[in-house]
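Here's the structure we're looking at; comments come further down.
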Amino acid sequence: MGPIRLDSFDVFVAIVRCGGFRAAALERGVSSSALSQTMNTLEEALGIRLLNRTTRSVFPTEAGQRLLERLAPALSDIRLAIAEVDELRDSPSGTLRINAPAPAVDHFLCPLVFDFMDAYPEVKIEIISDAAVIDIVEQGFDAGVRFGKQLAQDMIALPLGPALRYAIVASPDYIKRCGPPQTPHELVGHDCIRRRFPGGTLVTWRFAEGSEDIEVTPTGRLTVSSAHNELQAALAGRGIAHVFDDYAKPYVQSGRLVELLSDWSPTLPHWFLYYPSRRLPSAAMRAFLDYMRSYDWQARD
C-alpha cells in the first residue's frame, strides 16, 4: 500500500454524500477532474475500487461502504480536534454551512449573516437555499433552518427572528377586474396563484379569525415553485398571492399591491435555526449562535 493523503478520505466521503463528482466539486470549489484524480490515486494506493461509476450515478462498492462506515466517525473526531485547537485562536475561524428555505434566507438569515461577517472576518459562511427536509449531518451542514414541527428530536433549536405572518395580496388592476374577496371562502371563485413544495405538495392557505379556523386549497391557472415567482405574478395582475408579509410589505406600502383579508391572517411560529445536539459546535458555530441570540431584529427594520 502506497502513501495516502488524509484529505483523500474526506474527498471520498464528500463524493458519496453529494451523489457524484460534479456536486461534490461544486461544494468544495474545485473541478470534477481534480476529485476524479484524487479518487484514482486513493483507489490505487488501497489496491481496491471504492466507487462504482456509471454515466448517471456514483455509489460505493462493498469495500467503499465498509470504509465509509468507519470513516464517518473518524473524520468527525478529526474535525472536533481541529475545532478544539481553534479554541486557542484569538478569533474564531473556519467555514459554517447552513441549509435554509429561501424565505428564511431572504428576510432573516442573510441580514444576520452579513452583520456577523463584519464582526468575525475570519469566518466563512456558505448558505444553501433549500425547502426540502434533509438530514443536515449526512449532508455536511453545521446548521439548518426550518419550522419547529419539521425538526428532528435530536436537534437543538433556537428561534430565528420574530414571529411570522402571511399576507394575501393582489394588484389594484386585478381587484378592479375581479373584485376583492370578503372572506376566505370567496377565494374559491378567484384566480389564486398556487405554489408547490419541492416534494410536490401544494401549499394550502390557512386563515383564522376569533375561534374560526379555515383551510383553503387555492384554485387558479398558474402554479409556481417559489415565493418570488408568486409575488411576481401578483404584481403582474395574474391573481391573488399568499406570501410572507416581509415579501409583500414594500409593494403594499408603494401601492403596487393591496392586502386582502388582513383580519383573517394568523400569526405563525418562528423559523428555528437548529444543529445536532450530539456534536460539539465549533468555535465559529458557537460565536454565530451567541451573535444570533443577542441580535436586535427591531433595529434591523
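If you're matching positions, the sequence shown starts at 530 in the working numbering and goes up one per residue.
Idealized CB from N, CA, C, for every residue including glycine.
Just so you know, these numbers come straight off a predicted model, no measurement behind them.
Straight through space, the alpha carbons of T796 and L689 are spaced by roughly 15 angstroms.
In the DSSP assignment, H771 falls within the unbroken beta strand (DSSP E) covering A770 to F773. Your pair I627 and I654 checks out as a contact, with CB atoms roughly 7 angstroms apart and the cut at 8 angstroms.
Distances from the alpha-carbon of G784 to those of S700, R599 and D536 put S700 closest.
With fewer than 16 neighbouring CB atoms inside 10 Å of its own CB, A661 falls in the exposed class. Taking R578 as the centre and dropping the five residues before and after it, the same chain places the C-beta of E572 and T590 closer than 6 angstroms to its C-beta, in chain order. Burial check for W734: the Cβ neighbour count within 10 Å reaches 16 or more, so the residue is buried.
In this structure, the beta-carbon distance from P621 to A812 falls below 7 angstroms.
Counting C-beta pairs with one atom in each stretch, the region 627-645 and the region 763-778 have three or more that are closer than 8 angstroms, which means they touch. Under DSSP, K653 shares a beta bridge with T624. Within the same chain, F588 and T590 come within 6 angstroms of N581 by CB-CB distance, once the 5 residues on both sides are set aside. For A762, the enclosing alpha helix (DSSP H) covers residues A756 to L764.
The closest CA to that of D819, considering only G623, F645 and D720, is found on F645.
Looking at the backbone, the Cα of L786 and that of R557 are separated by about 42 angstroms.
The Cβ-Cβ distance between P713 and I743 falls below 7 angstroms.
Annotation for D659: N628 place their beta carbon closer than 6 angstroms to its own, counting only its chain and skipping 5 residues before and after. As for any beta strand (DSSP E) of minimum length 3 sitting wholly inside the region 788-813, the runs are 800-805, ordered along the chain. Taking a cut-off of 8 angstroms on C-beta distances, the region 712-726 does not touch the region 668-678, as fewer than three cross pairs fall below it. In the structure shown, I533 falls within a coil segment according to DSSP collapsed to helix, strand and coil.
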